[in-house]
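As structure tokens, then:
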């Protein structure tokens with residue numbers, strides 16, 4: 002293809018894309034305008050309230066108009082379904098990576114492609130699935146929880162959503178293999194043995210994600226603090242609302258360092274003065290990254306702790322054991338997350354004083370984590386009866402996995418253990434326990450609870466849902482435990498091959514990974530099958546609407 | 073959308089996205105085509121180049137080639153050490169790509185402009201001999217990279233930052249004697265470029281006094 006043909010093709014494609022975007026914009030603007038006029042005629046404060054009432058207040062099929070309307074519930078549905086799509090996509094990447102490790106030598110997929118899958122799995126899971134699911138739950142549930150007075154910044158939310166979505170898609174297109182850290186000098190080498198030929202696109206995509214999620218965070222904080230109904234004081238908000246507040250404060254305060262760092266990294270592609278020049282050091286980028294990189298892993302679990310409290314109290318019909326300590330421990334987690342970033346760099350030569358500081362603060366994280374766990378257990382302890390529906394079982398499994406992952410995290414905080422365990426599968430096992438148990442489990446639990454609402458009164462198949470739970474729980478335990486044991490013996494992580502002495506740990510982890518994959522296929526099949534039935538129940542549900550009766554809709558048949 | 077089909081639509085989207093992503097990622101080219109797998113060789117040669125945004129400077133007057141962007145000619149299985157001297161303080165790197173078997177038409181096509189070969193822009197078919205951070209921006213610093221020429225044909229070498237000016241051609245013969253070529257210089261062909269060359273030579277003589285170039289390998 003000559004340069005001339007390339008230019009013609011590029012301009013035609015760009016023009017078509019611009020026409021498409023304009024059409025979509027025209028559609029959105031005209032529909033929202035019509036809704037605005039109707040809302041004014043019928044006396045609603047603004048169109049968001051009108052759309053919410055019309056679309057979600059009574060049975061109404063979920064349809065494509067969620068991508069056109071910009072009220073809080075539509076945005077929430079966008080986030081929930083997009084994040085679920087990325088969960089399946091990144092999960093498929095993960096399963097393929099597992100399967101490729103059946104042989105110690107990389108034979109099934111090339112190491113370069115393995116590195117691409119490794120990077121994409123991490124970034125899509127964290128930025129697209131975990132954050133997307135947290136935002137989705139916040140946008141979808143908070144309007145009902147807090148009985149919003151107004152909902153008038155939907156266009157900002159919409160911009161945030163599209164920036165986030167395009168950023169994630171472009172990151173996938175970039176085929177970056179620089180891992181989610183994007184450490185220089187690897188990310189600056191634009192070739193298959195470096196960060197990938199299009200790694201510059203990965204840096205731009207990451208900035209787009211950041212701008213999107215920052216914008217969204219500001220809007221959600223505004224929803225909670227300003228638009229909340231007057232009769233709900235701050236001190237009586239649901240724990241979920243508090244967990245979202247802490248998460249978003251953490252997000253807004255921690256992402257500027259990496260946004261600046263990514264800008265510097267992009268400049269370094271042209272003129273390497275910040276990180277790889279003769280008078281600079283790549284460790285600088287690592288520090289900028291982990292300023293953000295530690296809070297992000299808390300961002301991926303804190304909102305789900307809030308949801309766990311809520312789900313537990315709904316299914317035990319008991320208030321949270323100690324509301325104050327629940328909120329207090331979540332707040333403490335927020336503060337501590339900002340001062341423990343150095344434990345990711347304990348062996349990078351920060352100096353023994355810094356190592357002591359970060360080790361100490363990392364141990365302190367045990368206090369709020371244990372408070373959270375005991376608080377949840379205490380709530381269940383106080384209950385007269387516990388309804389073990391599928392969402393509740395997912396939450397209980399989440400607590401179990403969080404304890405296992407948390408204990409191995411405490412072990413890693415110890416500098417002497419860290420020296421042998423860092424860079425091994427022990428670390429991978431530690432965070433997969435937490436992420437699969439809490440992030441994935443609670444997302445799925447919330448999806449099951451809201452399924453009758455999403456699907457306009459259809460009930461999910463309880464038997465398939467139980468299978469989903471047991472398969473995921475067993476697979477997750479098998480995979481992460483094999484990693485932890487193998488990693489403690491010294492199995493290095495994030496490589497396309499391994500030494501044959503670790504064969505047994507890798508094999509059992511492959512088995513676990515494939516089992517998790519089968520579990521999510523059951524989940525997908527359940528969605529498809531249950532949605533094809535005829536509606537049999539009321540689309541209102543207990544997570545969204547507090548019902549007086551004991552009826553738990555969405556808890557299965 | 074029929075409200076009964078919500079789940080099927082979602083599952084279809086998920087499956088299509090997964091299939092497209094897999095086919096997109098699994099078809100990634102995994103070899104650079106020119107990445108060296110072993111450094112076995114029958115002869116060794118040293119090439120001294122000056123990294124200057126106006127064009128690669130021929131510092132050891134290699135094979136009577138032109139003073140700027142020299143066309144290099146090697147025998148097959150030669151291990152070539154590139155000693156690159158930073159001349160102007162700007163960031164530079166040295167990349168190489170394989171263009172095909174030798175023919176005069178291919179030679180003149182590449183010689184006319186580096187942009188006539190779009191494959192070079194992709195970064196998947198080239199190999200970096202020296203990176204930007206290896207050629208530090210300290211004037212006079214010498215960085216060394218090596219490359220074994222195991223395939224006969226035409227190669228292009230260039231700096232990805234100043235690709236319009238800093239590119240040249242390497243010809244590797246099919247036997248142990250290098251092809252004798254007429255003097256070729258892609259940039260210094262026209263009259264206007266000659267003036268630039270002369271100016272650059274002037275600046276070079278200053279640099280040589282301050283930082284004498286070494287022909288010895290760094291190792």
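Protein chains in written order, with our numbering: chain A, 2 to 558; chain B, 73 to 291.
Every residue gets a Cβ at the ideal spot worked out from N, C-alpha and C, and that includes glycine.
Inspect the beta-carbon positions of residue 142 (chain B) and residue 130 (chain B) and report whether they are closer than 9 Å. yes
Residue 294 (chain A) versus residue 428 (chain A): straight-line alpha-carbon distance, rounded: If you draw a straight line from the Cα of residue 294 (chain A) to the Cα of residue 428 (chain A), it is about 15 Å long.
Any C-beta of chain A sitting closer than 9 Å to the C-beta of residue 216 (chain B)? Not a single C-beta of chain A is nearer than 9 Å to the C-beta of residue 216 (chain B).
Check whether the stretch 169 to 184 of chain A and the stretch 477 to 494 of chain A are in contact - that is, three or more C-beta pairs closer than 8 Å. no
Contact set between residue 198 (chain B) and chain A, taken where Cβ atoms lie within less than 8 Å: Correct list: 192.
Below 7 Å on C-beta distance, what does residue 117 (chain A) contact in chain B? 97 and 100
Evaluate residue 502 (chain A) with the Cβ neighbour count: other Cβ atoms within 10 Å of its Cβ, from every protein chain shown; 16 or more gives buried, anything less gives exposed. exposed
Please state whether DSSP places residue 489 (chain A) in a helix, a strand or coil. helix
Can a CB atom of chain B be found closer than 9 Å to the CB of residue 484 (chain A)? no
Run through DSSP, which three-state label would residue 500 (chain A) get? coil
Reference residue 33 (chain A); option with closest CA among A:53, A:117 and A:437: A:53
Whole-angstrom distance between residue 114 (chain B) and residue 151 (chain B), CA atom to CA atom: 8 Å
Does DSSP classify residue 109 (chain A) as helix, strand or coil? The DSSP-derived three-state label of residue 109 (chain A) is coil.
Confirm, please, whether the CB-CB distance from residue 406 (chain A) to residue 434 (chain A) is below 9 Å. Yes.
When DSSP builds the beta bridges, which residues end up paired with residue 220 (chain B)? For residue 220 (chain B), DSSP records a beta bridge to B:151.
If you measure from the beta carbon of residue 93 (chain A) to each beta carbon in chain B, is any gap under 9 Å? yes
Where do the ends of the alpha helix (DSSP H) carrying residue 127 (chain A) lie? Residue 127 (chain A) -> no alpha helix (DSSP H), and no H or E assigned at all.
Cβ of residue 12 (chain A) less than 9 Å from any chain B Cβ? no
Looking at the unbroken beta strand (DSSP E) that takes in residue 131 (chain B), where does it start and where does it end? That residue, residue 131 (chain B), is in no beta strand (DSSP E); it is neither H nor E in DSSP.
When the Cβ atoms of the stretch 407 to 425 of chain A are set against those of the stretch 338 to 354 of chain A, are three or more pairs found closer than 8 Å? With the cut-off at 8 Å, the stretch 407 to 425 of chain A and the stretch 338 to 354 of chain A touch.
Are the stretch 244 to 259 of chain A and the stretch 187 to 204 of chain A in contact at 8 Å, needing three or more beta carbon pairs? no
Classify residue 645 (chain A) as buried or exposed, calling it buried when 16 or more other Cβ atoms lie within 10 Å of its own Cβ. One cannot answer for residue 645 (chain A) here, as it falls past the ends of chain A, which runs 2 to 558.
Would you say residue 317 (chain A) and residue 386 (chain A) are within 9 Å of each other, going by their C-beta atoms? yes
So, helix, strand or coil for residue 102 (chain B), using DSSP? coil
Identify the contact partners of residue 114 (chain A) in chain B, using a Cβ-Cβ distance below 7 Å as the criterion. Neighbours of residue 114 (chain A) on chain B, chain order: 97, 98, 100 and 102.
Roughly how many angstroms separate the alpha carbons of residue 493 (chain A) and residue 231 (chain B), rounded to a whole number? 36 Å
Kindly list the residues whose CB is nearer than 7 Å to the CB of residue 262 (chain B), restricted to its own chain and excluding five residues on each side of it in sequence; keep chain order. Low confidence applies here, because residue 262 (chain B) scores a pLDDT of 38, under 50, leaving its location unreliable and the question unanswered by this model.
Does any CB atom of chain B fall closer than 9 Å to the CB of residue 447 (chain A)? no
Run through DSSP, which three-state label would residue 416 (chain A) get? helix
Just how far apart, CA to CA, sit residue 308 (chain A) and residue 391 (chain A)? 15 Å
Based on DSSP bridge pairs, tell me the residues matched to residue 293 (chain B). One cannot answer for residue 293 (chain B) here, as it falls past the ends of chain B, which runs 73 to 291.
CB contact check: residue 209 (chain B) to chain A, cutoff 9 Å: yes
Between the stretch 76 to 88 of chain A and the stretch 132 to 151 of chain A, do three or more beta carbon pairs fall short of 8 Å? Three or more Cβ pairs drawn from the stretch 76 to 88 of chain A and the stretch 132 to 151 of chain A lie within less than 8 Å of each other, which places the two stretches in contact.
Please list the residues of the stretch 169 to 182 of chain B that have a C-beta atom closer than 9 Å to any C-beta atom in chain A, keeping them in chain order. Per Cβ criterion, the list is empty.
Report the start-end ranges of each alpha helix (DSSP H) in the stretch 273 to 318 of chain A that is 4 residues or longer and not cut off at the edges. 284 to 300 and 303 to 317
Under 9 Å, do residue 164 (chain A) and residue 114 (chain A) count as touching if we go by C-beta distance? no
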